[in-house]
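Below is one structure; the comments refer to it alone.
Numbering (the numbering used here), first residue to last: 51 to 329.
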């Protein structure tokens with residue numbers, strides 16, 4: 051038998067006092083499910099909230115290809131069906147008994163009647179829901195697909211910023227034009243003897259300067275290219291995440307459309323049957 055302390059560990063009851071918890075416990079009935087039995091069906095009505103006393107259950111959905119996707123495993127002391135209990139909406143997943151499951155079931159109508167009779171308990175539930183909404187809102191904000199450039203910009207070190215600026219400068223027409231002007235001026239001044247030729251032909255000092263430039267430019271540019279590889283990899287990961295989410299949403303839409311088709315088919319059969327009886 052589940053005690054009030056264990057019942058208080060359940061989030062939607064966590065803010066209630068012992069008297070309110072005792073009232074909740076008094077309207078919960080014990081139910082038993084055989085192995086393999088579907089306790090809650092996806093997109094089906096769910097009028098009960100369950101606390102598992104004995105046995106194990108699994109929570110799963112079917113993807114667009116019909117494959118089973120395991121979401122969670124429920125063990126003794128854990129619960130399921132809390133959202134449908136509060137919203138009255140169909141369940142978003144299946145719950146199936148893996149072994150013989152003994153659970154306490156709380157009827158939604160009895161729970162709502164209890165809240166009407168105990169306003170303080172209703173306020174406690176609203177408080178817990180408000181906290182949950184705040185946490186969910188934060189998670190959603192954090193889970194939004196971010197711009198790759200923004201993600202990498204936050205991780206850039208000073209050295210990486212310098213490497214990027216250096217690579218961008220050396221890979222520009224401005225750098226080519228400026229360096230060409232400097233080289234032409236250097237060679238011209240040393241060949242024409244317009245002023246004292248500090249670096250006569252074969253321009254050893256110029257070659258030394260260009261060698262130093264090449265020696266440092268190559269690794270710095272490679273550093274920037276390595277960062278580009280990291281950026282490409284992160285872009286691929288984000289694309290994969292977006293595609294996975296899209297596939298999941300499409301699968302959900304397809305399942306809902308299948309449900310609508312089935313509902314329309316039943317309505318059509320009922321209409322035909324009604325017309326047949328009328329005739």
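Backbone N, C-alpha and C define an ideal beta-carbon position, used for all residues, glycine too.
Looking at the structure shown, is residue 99 part of a helix, part of a strand, or coil, going by DSSP?
strand
Below 8 Å, how does it come out for the segment 85 to 98 and the segment 53 to 70: are there three or more Cβ pairs, yes or no?
no
Alpha carbon to alpha carbon, what distance is there between residue 289 and residue 253?
52 Å
Going by DSSP, what residues sit across from residue 80 in a beta bridge?
154
Is the segment 85 to 93 in contact with the segment 143 to 156, if contact means three or more CB pairs nearer than 8 Å?
yes
Reduced DSSP secondary structure (H/G/I, E/B, other) of residue 147:
strand
Exposed or buried, residue 57, counting other C-beta atoms within 10 Å across all chains shown (16 or more means buried)?
buried
Does the count of Cβ pairs from the segment 125 to 134 and the segment 164 to 181 closer than 8 Å reach three?
no
Can residue 93 and residue 134 be called in contact, C-beta distance under 8 Å?
no
At which residue ranges does the segment 194 to 276 contain complete alpha helix (DSSP H) runs of 4 or more residues, listed in the order of the chain?
198 to 205, 208 to 220 and 223 to 242
Between which two residues does the alpha helix (DSSP H) containing residue 132 stretch?
132 to 137
If I follow the unbroken beta strand (DSSP E) through residue 107, where does it start and stop?
107 to 112
Roughly how far, in whole angstroms, is the beta-carbon of residue 66 from the beta-carbon of residue 171, given that I think they are within contact range, below 8 Å?
6 Å
Could you please give me the residues that DSSP links to residue 291 through a beta bridge?
Beta-bridge pairing links residue 291 to no other residue.
Which residue comes first and which comes last in the beta strand (DSSP E) that contains residue 123?
118 to 124
Contacts around residue 160, its chain only, beta-carbon distance under 6 Å, and the 5 residues preceding and following it disregarded
77
Would you say the segment 206 to 218 touches the segment 258 to 274, given that touching needs at least three Cβ pairs under 8 Å?
yes
Which residues bound the alpha helix (DSSP H) around residue 55?
54 to 58
Contacts around residue 275, its chain only, beta-carbon distance under 6 Å, and the 5 residues preceding and following it disregarded:
none
Tell me which same chain residues have a C-beta within less than 7 Å of the C-beta of residue 81, skipping the five on either side of it?
153 and 155
For the beta strand (DSSP E) containing residue 88, list its first residue and its last residue.
88 to 90
Name the residue from 79, 131 and 61 whose alpha carbon lies nearest to the alpha carbon of residue 142.
131
So who's on the other strand from residue 104, going by DSSP bridges?
152
Please go through the same chain and pick out, in chain order, the residues whose beta-carbon is closer than 6 Å to the beta-carbon of residue 106, but skip the five residues on each side of it.
125, 148 and 149
Rounded C-beta distance between residue 60 and residue 101? I'm assuming under 8 Å.
7 Å
CA-to-CA distance, residue 296 to residue 162, given in whole angstroms:
36 Å
Distance between residue 280 and residue 74 (C-alpha atoms, nearest Å):
54 Å
Under 6 Å Cβ to Cβ from residue 225, same chain only, skipping five residues before and after it: list those, please.
219
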